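Engineer:
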Amino acid sequence: MDPLKAAILGVVQGLTEFLPVSSSGHLVIFQHLFGLNEPELFFDVCLHLGTLFAVCIFVRKELLQILLSLVAVRGRIRATSPAARQPDPNIRLFVLVCIGTLVTGVFALTFKDELEGLFASPFYVGIALMGTGVILTLSKWAKPSIDRISEIRFRDSALIGLGQGLAVIPGISRSGTTITLGLLLHLDRELAARFSFLLFIPAILGAAVLQFDSGRVMGEPVSLAVGTLSAALSGYLALNLLLKLVRVGKFWIFAPYCFILGLVTVFYYRG
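In terms of the numbering used here, the sequence shown has 24 at position 21, counting the first letter as 1, and numbering is strictly consecutive.
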């Protein structure tokens with residue numbers, strides 16, 4: 004793959020990984036347009052690592068707070084003062100992310116091959132993109148009210164994790180599904196978005212590990228570097244844009260794009 008195509012696919016991956024329009028669906032479509040009928044797995048892994056770096060930088064404060072709280076757990080257990088033994092919201096957030104990740108992993112590993120095989124065709128990706136449009140439209144009727152981590156229930160995390168598992172279907176947006184579910188479960192807009200971003204980290208890492216095949220040719224180093232860097236930069240920009248739109252209640256504006264692209268894809272690949 005030449006560096007220009009690598010850069011284009013990197014930008015596509017970075018933008019669509021976080022904007023609610025499905026990165027996997029767009030990569031299927033663009034790879035077909037570029038004549039890449041066989042997925043270049045190691046290149047896809049590098050793109051995922053680029054977006055993983057972007058989201059880790061974006062939620063670095065939350066990650067640091069969680070890390071510091073985990074380090075301090077032993078001291079809190081031994082503490083005798085009531086104030087020191089109060090529940091730590093960062094520990095609860097860590098547990099919630101673990102629950103969501105566990106549900107995502109179980110669902111994805113159980114149904115990954117069947118769902119990816121069914122939706123590998125651009126035609127079915129188009130149908131799934133229209134499904135993402137429906138999901139995004141539902142966010143218009145959400146009534147966010149929960150703005151504290153302590154109010155997020157474990158079952159809420161499990162449901163959001165299940166929604167993330169559905170994103171194994173090319174065309175179903177990970178961010179679109181998880182943030183919409185968070186909003187419908189009454190999470191505050193920013194809390195729903197940032198919780199979704201934290202769930203991305205183990206999910207993206209898991210996707211990279213599952214796609215890695217040491218027996219594959221690694222590809223051109225320049226193309227790999229260009230693709231990874233462009234995915235990281237465009238991913239960071241996409242995260243900033245997405246959070247701004249969620250904050251002002253305009254998350255649903257991506258729905259028309261998903262409907263239109265889905266219809267065009269279904270029409271173009273119907274035969």
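Note that beta-carbon positions come from the ideal geometry of N, C-alpha and C, so glycine has one too.
Predicted, not measured: the structure shown is a model, and the values here were computed from it.
1. For SER256, which three-state DSSP category applies?
2. Starting from the Cα of GLY265, find the closest Cα among VAL137, LEU18, LEU132 and give me that residue.
3. Quick one: what does DSSP say VAL190 is sitting in, helix, strand or coil?
4. Under 8 Å, do PHE254 and VAL24 count as touching if we go by C-beta distance?
5. Are the CB atoms of ALA177 and VAL249 nearer to each other than 8 Å?
6. Within a Cβ cutoff of 8 Å, which residues of the same chain sit near ALA10, ignoring the five residues on either side of it in sequence?
7. Distance, Cα to Cα, ALA210 vs LEU71?
8. Only counting the same chain, and skipping five residues up and downstream in sequence, which positions put a Cβ closer than 7 Å to that of VAL128?
9. Three-state secondary structure (DSSP) at ILE149?
10. Would you give the residue range spanned by the alpha helix (DSSP H) that TYR127 belongs to?
11. Determine the closest residue to SER237 out of PHE45, PRO6, PHE56, LEU36, with distance taken between C-alpha atoms.
12. How is VAL229 classed by DSSP in three states: helix, strand or coil?
13. DSSP on PRO173, reduced to helix/strand/coil?
14. Could you tell me the alpha carbon to alpha carbon distance between GLY53 and GLN68, rounded to whole angstroms?
15. With distance defined between alpha-carbon atoms, name the residue in LEU227, LEU187, GLN167 nearest to LEU201.
16. May I ask which residues mark the beginning and end of the alpha helix (DSSP H) holding ARG63?
17. For TYR272, name the three-state secondary structure that DSSP assigns.
18. Within this structure, are the beta carbons of THR104 and PRO205 separated by less than 8 Å?
19. Do you know whose CA, among THR19, VAL98, PRO125, PHE126, lies nearest GLY164's CA?
20. By the three-class DSSP mapping on this structure, what secondary structure does LEU165 have?
21. In whole angstroms, give me the CA-to-CA distance for ILE152 and LEU242.
22. So the candidates are VAL74, ALA170, ILE149; which of them puts its Cα closest to the Cα of THR107?
23. Considering only their Cβ atoms, is the gap separating LEU190 from ILE149 smaller than 8 Å?
24. Who are the Cβ neighbours of THR19 in its own chain at under 7 Å, not counting the five residues just before and after it?
25. Can you tell me the Cα-Cα spacing of VAL1 and PRO6, whole angstroms?
Structural biologist: Answer, in terms of the structure:
1. Residue identity differs from the one stated: residue 256 is Ile in this sequence, not Ser. Judged by DSSP in its simplified three-state form, ILE256 adopts helix.
2. Checked all of VAL137, LEU18, LEU132; the closest Cα to GLY265 is LEU132.
3. One point to set straight first is that residue 190 is Leu, not Val, in the sequence displayed. Strand, per DSSP.
4. At the C-beta level, PHE254 and VAL24 stay beyond 8 Å of one another.
5. According to the sequence as given, residue 177 is Arg; it is not Ala. No, the Cβ-Cβ distance between ARG177 and VAL249 is not below 8 Å.
6. Excluding residues within five positions, the ones whose Cβ falls inside 8 Å are VAL229, GLY230, SER233.
7. A direct Cα-to-Cα measurement between ALA210 and LEU71 gives close to 27 Å.
8. For VAL128, where only same-chain residues beyond five positions count, the Cβ hits under 7 Å are GLY28, VAL31, ILE32, PHE122, PRO173, GLY174, THR268.
9. It is a strand residue.
10. Unbroken alpha helix (DSSP H) run through TYR127: 125–141.
11. For SER237, the nearest C-alpha among the options comes from PHE56.
12. In the structure shown, VAL229 sits in a helix (DSSP, three-state: H, G or I).
13. For PRO173, the secondary structure class from DSSP, reduced to helix, strand or coil, is coil.
14. Whole-angstrom Cα-Cα distance: 23 Å.
15. Among LEU227, LEU187, GLN167, the Cα nearest to that of LEU201 is on GLN167.
16. Looking at the DSSP string, the run of the alpha helix (DSSP H) that includes ARG63 is 63–74.
17. Coil at TYR272, not helix or strand.
18. Here THR104 is near PRO205, since their CB atoms are less than 8 Å apart.
19. Ranking THR19, VAL98, PRO125, PHE126 by Cα distance to GLY164 puts VAL98 first.
20. In the structure shown, LEU165 sits in a helix (DSSP, three-state: H, G or I).
21. Answer to the nearest angstrom: the Cα atoms are 21 Å apart.
22. Looking from the CA of THR107, the closest CA among VAL74, ALA170, ILE149 belongs to ALA170.
23. Yes, they are a contact pair.
24. SER25, SER26, HIS29.
25. Outside the displayed span of the chain (4 to 274) sits residue 1, for which this structure offers no information.
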